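Presented below is the structure to which this report refers.
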Amino acid sequence: MEARPTRSPDAYDSLRVLGVVFLCISGLWMLLAKYRPGLGVTVLSIEGLFFAVPVLYALCFRLPLVSSFAFRLPSFRNLFFVALASISSMWLLNGLTIVQDYVLHLVGLESYARDTLNQLQKPVLEVLSRGPVLAFLMLSFLPGLCEEVLFRGLVFRGFQKSFSPAIALFVTAILFALMHVEWMKMIPMFFLGLFFGSLVLFSRSIWAGILAHMANNGAVLLVASLESPSTMALQAPWWLYPLAGGLFLFSMISLYRDYRRGESSSKEVPES
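Note that our numbering has the sequence shown beginning at 1194, numbered continuously upward.
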């Protein structure tokens, strides 16, 4: 018997995976609300679903794992610019957080924002109290790996095949932001979703998004361990933000140029 041919994921695959994840998460939340397990079990359960559902879907429907999730190693040059963009993006996100805090203060939502932030920080501080290694594994390594496999893996690749890369980036960034539920986090998460997706697109490797995601979450853990619960933003010299912006643009433009060169090379047909 001949083996069934493999195929690439499309938008229908992306929507099916998202539907299964939504149903599983809904059922999981009811179980978690009923039995109230510890934070470790909660994180493992949720992140495990984000990883297991798209991988099992790909296996069941004979989608090639490497190309469906972009599980290829990026070049050393790509890794360098991914690292530089990730470091600079942390300060840009820090600046965005400061601006958001200032806007909330102007519109009279400062107390609400402070109370919400305290609620968001409770699990982070709880895990940090158990040690930095466990905190990194639970709140940086697992989310970085599992959430990227879902959003910048099969879901993004499916939308990218059916639509343009720009639409795929925008849609997955919105879905990534909505997953975080709390509206105060949605704007930063949307921009992070665009950033992670752009890294994966330009480097053609999901590992770029995974590394950047882990680095971002690691920076949040560091800030939470250094600052008081009333803020999630470090105060930095003003010149650091334009410097970070310049390095970020330089890194992303370099990655984009490499991506375009790769696109041009792949379209060239060798002479017979």
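Every residue gets a Cβ at the ideal spot worked out from N, C-alpha and C, and that includes glycine. Keep in mind that this is a model prediction, so the values were computed, not measured.
Contact set for L1256: own chain, Cβ-Cβ below 6 Å, skip 5 residues either direction: Counting only Cβ-Cβ distances below 6 Å, and skipping sequence neighbours, we find P1202.
Opening and closing residue of the alpha helix (DSSP H) in which W1183 lies: Outside the shown range of the chain, which is 1194 to 1465, sits residue 1183, and nothing can be said about it.
Uninterrupted alpha helix (DSSP H) stretches inside the segment 1282-1326 (no shorter than 4 residues): The segment 1282-1326 contains these whole alpha helix (DSSP H) runs: 1303-1321.
For K1240, the three-state DSSP class (helix, strand or coil): The question names Lys, yet the displayed sequence has Glu at residue 1240. Reduced to three states, the DSSP call for E1240 is helix.
Cα-Cα separation between V1320 and F1244, rounded to whole angstroms: So the two alpha carbons sit approximately 22 Å from each other.
8 Å CB neighbourhood of L1343 in its chain, flanking five on each side removed: Contacts found: V1210, V1214, F1243, F1244, V1246 and P1247.
Residue span of the alpha helix (DSSP H) that contains W1222, given as start and end: That run of the alpha helix (DSSP H) goes A1204 to Y1228.
Backbone secondary structure at F1443 - three-state DSSP: It is helical.
Continuous alpha helix (DSSP H) stretch holding S1201: start and end: Counting along the chain, S1201 falls outside any alpha helix (DSSP H), and DSSP gives it neither H nor E.
Among S1282, V1374, C1217 and T1365, the one whose alpha carbon lies nearest that of S1207: The candidate whose alpha carbon is nearest that of S1207 is T1365.
Unbroken alpha helix (DSSP H) run spanning A1366, endpoints: Run containing A1366: P1358 to M1372, per the alpha helix (DSSP H) assignment.
Where W1400 falls, given that 16 or more other Cβ within 10 Å makes a residue buried: Buried, since its Cβ has 16 or more Cβ neighbours within 10 Å.
Burial state of L1436 (16 or more Cβ within 10 Å): Exposed, by the Cβ-count rule.
At least 3 beta-carbon pairs within less than 8 Å: the segment 1356-1363 vs the segment 1390-1409: Touching, yes, given that three or more Cβ pairs across the two stretches are closer than 8 Å.
Distance CB(L1448)-CB(S1396) smaller than 9 Å: Contact flag set, yes.
Member of S1261, F1254, E1240 and S1281 whose CA lies at the smallest distance from the CA of M1445: Comparing Cα-Cα distances from M1445 to each of S1261, F1254, E1240 and S1281, the minimum goes to S1281.
Cβ neighbour criterion (16 or more within 10 Å) applied to E1456: E1456 counts as exposed, since fewer than 16 other beta carbons sit within 10 angstroms of its beta carbon.
Contact the segment 1233-1242 vs the segment 1369-1389: 3+ CB pairs below 8 Å: Flag = no, the segment 1233-1242 and the segment 1369-1389 do not touch.
Contact under 9 Å by Cβ, A1417 with Q1314: Closer than 9 Å, so yes.
DSSP three-state assignment for Y1375, whether helix, strand or coil: Residue 1375 is actually Glu in this sequence, not Tyr. In this structure, E1375 counts as coil in the three-state DSSP scheme.
Whole-Å CB distance - G1351 paired with A1263, under 8 Å assumed: The C-beta separation of G1351 from A1263 comes to about 12 Å, leaving the pair out of contact by the 8 Å criterion.
Neighbourhood of G1233 by C-beta, 7 Å cutoff - its chain only, sequence neighbours within 5 removed: Hits under 7 Å: M1331.
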